[in-house]
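Trainee:
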Amino acid sequence: KLEFGVIYHCTEERLYTGRRGQGAFCNDKRLQVSKETDISKALILTEIGPKRDPATLKLFLGNIERLLKAQAHGVRVIGSSTLALCHLASGAADAYYQFGLHCWDLAAATVIIREAGGTVIDTSGGPLDLMSCRVIAAGTREMAMFIAQEIQTIHYRRDDEN
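Under my numbering, read the sequence shown as residues 4 to 165, first letter to last.
#1: Using the C-alpha atoms, what's the distance from alanine 73 back to alanine 27?
#2: Using 8 Å for Cβ pairs, my map puts threonine 122 next to alanine 141. What's the rounded Cβ distance?
#3: Is it buried or exposed for alanine 58, if we count other Cβ within 10 angstroms and need 16 for buried?
#4: Just to confirm the assignment, what range does the beta strand (DSSP E) spanning isoleucine 139 have?
#5: With valine 138 and arginine 23 assumed to form a contact (beta carbons below 8 Å), what rounded beta-carbon distance in angstroms separates them?
#6: Please state whether DSSP places leucine 91 in a helix, a strand or coil.
#7: Measure the C-alpha to C-alpha separation of serine 127 and threonine 156 and round it to an integer number of angstroms.
#8: Look up proline 57 in the DSSP assignment and say whether it is helix, strand or coil.
#9: Hey, out of Ile124, His76, Leu34, whose CA is closest to glycine 94's CA?
#10: Report yes if the CB atom of alanine 119 is closer than 8 Å to the CB atom of leucine 88, and no otherwise.
#11: Which residues mark the beginning and the end of the alpha helix (DSSP H) in which cysteine 29 is found?
#12: Look at the Cβ atom of isoleucine 47, then the Cβ atom of alanine 92, and state whether they are nearer than 8 Å.
#13: According to DSSP, is isoleucine 2 part of a helix, a strand, or is it coil?
#14: Let's see if you can read the secondary structure: which residues bound the alpha helix (DSSP H) around valine 36?
#15: Considering only the alpha carbon of each residue, which of Glu145, Arg69, Phe102 lies closest to serine 84?
#16: With respect to the beta strand (DSSP E) encompassing alanine 98, which residues constitute its N-terminal and C-terminal limits?
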């Protein structure tokens, strides 16, 4: 079980922390996720992941297109998976998804998001598998499940495979 998470963003001088059962904080300010359930009001964050071959790029861009056609307010790539996940935990974004995210990128943020009231699941809609290199995180389970139904899987090797 994940017990605690710590993420420090040095350029912003922000320390994000979470401990199971004790809440999530940014520089001692309690974090609370957005509770938005309306996709037309949702800001969704993502990152492209390490694969850049034509087939992967087509799937990546297709996922963004599907979310925009579903009337998502916006989809953004900000360049840092952990920063994006911290934005979600603080309520600045409504959801995040990614394929190719490693367990060391996700473990701390998972605790922080859950302690801020959010949900973190597998892109299939099932329970999170840290080793799967895929995730959906959102302020609400409804938002996470909506995204799971809209996006297509981009396959990556699991972190626990050689």
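For every residue, glycine included, the Cβ atom is placed at its ideal position computed from N, Cα and C.
Mentor: On the basis of the data shown:
#1: Going by the C-alpha atoms only, they are around 31 Å apart.
#2: That belief holds up - the Cβ atoms of threonine 122 and alanine 141 are roughly 6 Å apart, short of 8 Å.
#3: Under a 10 Å Cβ-count criterion, alanine 58 is classified as exposed, with fewer than 16 other Cβ atoms of the shown protein chains found around its own Cβ.
#4: The continuous beta strand (DSSP E) containing isoleucine 139 extends over residues 137 to 141.
#5: Not quite, the Cβ-Cβ distance comes to about 18 Å (not below 8 Å), so this is no contact.
#6: Leucine 91 falls in the helix class under three-state DSSP.
#7: In a straight line, the C-alpha of serine 127 is about 8 Å away from that of threonine 156.
#8: Of the three classes helix, strand and coil, the one that applies to proline 57 here is helix, per DSSP.
#9: The residue with the shortest Cα to Cα distance from glycine 94 is Leu34.
#10: The answer is no: Cβ separation not under 8 Å.
#11: Premise fails: cysteine 29 lies in the beta strand (DSSP E), 26 to 29, not in any alpha helix (DSSP H).
#12: No, they are not a contact pair.
#13: Because the chain here runs from 4 to 165, residue 2 falls outside it and cannot be looked at.
#14: Unbroken run through valine 36: none, as it is neither H nor E.
#15: Per the Cα distances, Phe102.
#16: Unbroken beta strand (DSSP E) run through alanine 98: 98 to 102.
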